[in-house]
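Numbering (the working numbering), first residue to last: 4 to 1116. Ideal placement from N, C-alpha and C gives every residue a C-beta, glycine not left out. These numbers come from a predicted model, not from an experiment.
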């Protein structure tokens, strides 16, 4: 076997980079003086990569905890994530390195700390007193599996129950095990021959800390006396136990069982339950036992001063309720309320007014953690309404199929979207404030507004305010309401190209300045929307149907539908010759049953009431052609200044004038080239020549390029295969249809793979040919074979003429080549500043007629700054493909800078973005690298390995935006935001909210004079005396291993040195000392108060009996 020499590899890499930099320098020299005049201000030190915040519902939740004093909620997940929620806008994400599932969470109430128990049998102590929580200590159990933990309020001793039925005790301060162990064989009766099963419950008697209630899975419950180290009482039941809860007086407890029953036990009567309840069991006659029900997974028993106690439980429904949704049952006195949930219940907690277990609990709300939602129920109002959830937890309401991110938006946009979105809010919520209100907001250092748009599988689009690392939904648009819905699968026309989610959004094109919105859906449909603040009823929905062909010669087409392959300038397609399909599609299929001229979806015939917000301007659908389904759209662009929308797929390109509602351009990709086609193509056969492209794809799904980041994370049917570079492709089975449920067509998969798809579209005002002396409106088209073609747009004058005269469209003959599919294009002016596409400012569309006339007269198409430049000034085209980036000088079309971004991988997303008053190219590669390059010189500024491409969701949703912001969908329910700006990284600490705030612990319940005098009320226990090393000895070393965490004192010692470290240690010591002194002071005050009240009572008694003789008493 050949030896692998790493040094040679490194030498080879440095040699390659040296050659690349030398060739880049040589090209730079050739470019002449004009190009080198541009001063680039961005340097490597302006870039730094870090995660900022994670939004959305915690994916696959598994555990729940609440701090009733700090008012902080914690959720653990099956992937070891920890999400902490305070007041709206205060949330935090942490991750356990092991990735093991979180079994249980326990707050150290009002201490700013949290214990997590994981499925890999580790316990972790988190410090929440810092903005980014860190682990202080960890403890790994080696011989036993953790099943249940309990930490009494204001105690430092954590009880840990195991699968073997034993209970170990952990000192939370030092995170070490006590020598005190409760062994299962001592807890149960000696006569019992069977093992009681794992520990499912531990809690101390609310009135006596020395008595520990232990629940075993088999149905045995033991009341253990900690001092005498023996069982006081044993309670046995036939049915397995799922949970146990105390009455606050400590005289009764309640158990929930696997047969759907609840048993209430008096502590001193272990022989049989005081009461057995089957909340959902049908009561049978003749006094027979009710029928068994499903297990009651959890029960809570909460008391109130004024009325009956609350018994709250999950599960327990009867077995005959098939198909019934999961329920939470609230029993209060004689009333039983069954609250149905949308998803299965993971856990629930009752929020109470007091943290003390020995006082009336006074429950006011229930937090219910569902599989895909978080619900809060108001117990204080009739009907138990839910609280309106202020957290952005509905990202996944329907699976996200694509997203776009816009930073530095016009300032009036968020208020406009919020005002139309406010009308969509549901009614009937609780009138009370959201009860999870802990923490403090961070300092807002960003002044610009940010908007995230998510497209979903059900055809909905959500606009989110993402300013200052928060997230709040602004407005929701349902695009599916324009189409007829089939009531059941049988009536569904057999024209759809996907089996599920036919309305799913694939691509979003949005112009923030004009507020024009355009979407492409999975059923080869495009919808254009205009923003309006007025409600309108559309009598007939404007609609166009487009036949987009691949092989023109094979199929007969209606006259006037096709543009000649090489039109002479000025003759483009005449819009008047295009006859759009009549509204109800008449030509559904030809005589021989082949589907032809039918769209995949049917547009509604009835009038459509459109609320304020986004309203339909035009629906465009691709139709079936001679039994061939339309291919899914791979790129899309809209321009409000020109009134045009353009889209393409693997068949070709179509351009529509949405003001005149006409098709301007309808060309197969091959025809775009005219006589300049550099490829030898044979219709209906695979291309045999070596592809120059770095990334052809399996287009069996009708999707092509990384630009197409738009498939449902939950439904694999819509995901495209990654376009692996040809030289990297392993033995990919072309038949592998794992990402597709599309109906196969007569064209073979391999034939579709040979097609050239439209992968990028960009409207701009620039030089279209080498001989041009001034910029003009045009469309730049990029394909999957790395070709860039330019189409000239001849626009009529603005105002009335724009609606009457046709837009003339003609190919310019300009062709540019890059390696790999084209992803993104942009243009710079002569100073190196970004030239934004022309746009029109937003105006209300539905105005008075007089107003409308005025607008038409004063409505010239706004143009980009480049058109006002002197004729001699040039521009630069920046083009990014899957493999490389080029900067091309215009009008000369000389490539002045070139950068090979990646040789062995390919770029999934490339964006030209602004940062620090300059611009750069940001790329995310399939090998997990995030890179940025200066413009126009394409100098590498940042190259960081961030995350491997583990699934298609990341590839589809990753996007960069201005000011160093980026995001992607990290799980089906969560958005991860990150920054590549060094300035944002520095300010992040200030911007993050604080979880821990100084709150006084409520006063303990007053025990009353006689209880204090005669020893009634709660009994305290000196646990230190019992569990400390001096009393119980040391625990076995092999039982558990202590691991210091990075956030503990050990971490401080390692990270800080000298005076800083000493100060940190002194401060921690002072805090602890101050805390102990504070506790001592409170105890002294309590003693003084008791002594004072005792002397007062003694004095009153003396006065009362002072003059009486002894025999008068």
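Residue j beta carbon less than 8 angstroms from that of residue i
| i | j | result |
| --- | --- | --- |
| residue 363 | residue 437 | no |
| residue 996 | residue 89 | yes |
| residue 918 | residue 55 | no |
| residue 407 | residue 456 | yes |
| residue 545 | residue 628 | no |
| residue 409 | residue 964 | yes |
| residue 142 | residue 105 | no |
| residue 538 | residue 418 | no |
| residue 305 | residue 351 | no |
| residue 243 | residue 261 | yes |
| residue 295 | residue 319 | no |
| residue 151 | residue 168 | no |
| residue 675 | residue 657 | no |
| residue 525 | residue 635 | yes |
| residue 824 | residue 885 | yes |
Cut-off 6 angstroms between Cβ atoms - residues of its own chain near residue i, not counting five sequence neighbours on either side
| i | result |
| --- | --- |
| residue 471 | 447 and 449 |
| residue 1052 | Any reading at residue 1052 needs caution, since the residue's pLDDT is 46, under 50, leaving its predicted position unreliable; the model's value is listed next. Excluding positions up to five away in sequence, the list is empty. |
| residue 891 | 880 and 898 |
| residue 2 | The structure shown has nothing for residue 2, since the chain only spans 4 to 1116. |
| residue 845 | 517 and 518 |
| residue 453 | 410, 469 and 470 |
| residue 925 | 914, 916, 935 and 963 |
Coil, strand or helix - residue i by DSSP
| i | result |
| --- | --- |
| residue 674 | helix |
| residue 770 | coil |
| residue 963 | strand |
| residue 785 | strand |
| residue 209 | coil |
| residue 921 | strand |
| residue 792 | strand |
| residue 624 | strand |
| residue 639 | strand |
| residue 655 | strand |
| residue 57 | strand |
| residue 1000 | coil |
| residue 848 | coil |
| residue 481 | strand |
| residue 46 | coil |
| residue 988 | helix |
| residue 417 | helix |
| residue 191 | coil |
Same chain, Cβ closer than 7 angstroms to residue i, five either side skipped, listed in chain order
| i | result |
| --- | --- |
| residue 273 | 236, 237 and 238 |
| residue 1025 | none |
| residue 292 | none |
| residue 91 | 393, 394 and 437 |
| residue 971 | 957, 960, 961 and 979 |
Whole-angstrom C-beta distance between residue j and residue i, which should lie under 8 angstroms
| i | j | result |
| --- | --- | --- |
| residue 652 | residue 761 | 7 angstroms |
| residue 203 | residue 219 | 7 angstroms |
| residue 826 | residue 767 | Not quite, the Cβ-Cβ distance comes to about 16 angstroms (not below 8 angstroms), so this is no contact. |
| residue 778 | residue 796 | Actually they do not touch by this definition, with Cβ atoms about 12 angstroms apart. |
| residue 342 | residue 330 | 6 angstroms |
| residue 847 | residue 643 | In fact, because the Cβ distance is near 14 angstroms, the residues do not count as touching under 8 angstroms. |
| residue 432 | residue 388 | 6 angstroms |
| residue 1134 | residue 520 | With the chain running from 4 to 1116 in the structure shown, residue 1134 is simply not present. |
Contacts around residue i, its chain only, beta-carbon distance under 8 angstroms, and the 5 residues preceding and following it disregarded
| i | result |
| --- | --- |
| residue 1005 | 72, 357, 358 and 359 |
| residue 307 | 313, 363, 364, 365 and 366 |
Okay, do the segment 48-64 and the segment 409-424 touch, 3+ Cβ pairs below 8 angstroms being the bar?
no
The segment 472-485 in contact with the segment 373-384 per 3-pair CB rule at 8 angstroms:
no
Contact the segment 966-980 vs the segment 112-119: 3+ CB pairs below 8 angstroms
no
Using 8 angstroms as the Cβ pair cut-off and three pairs as the minimum, do the segment 794-814 and the segment 893-908 touch?
no
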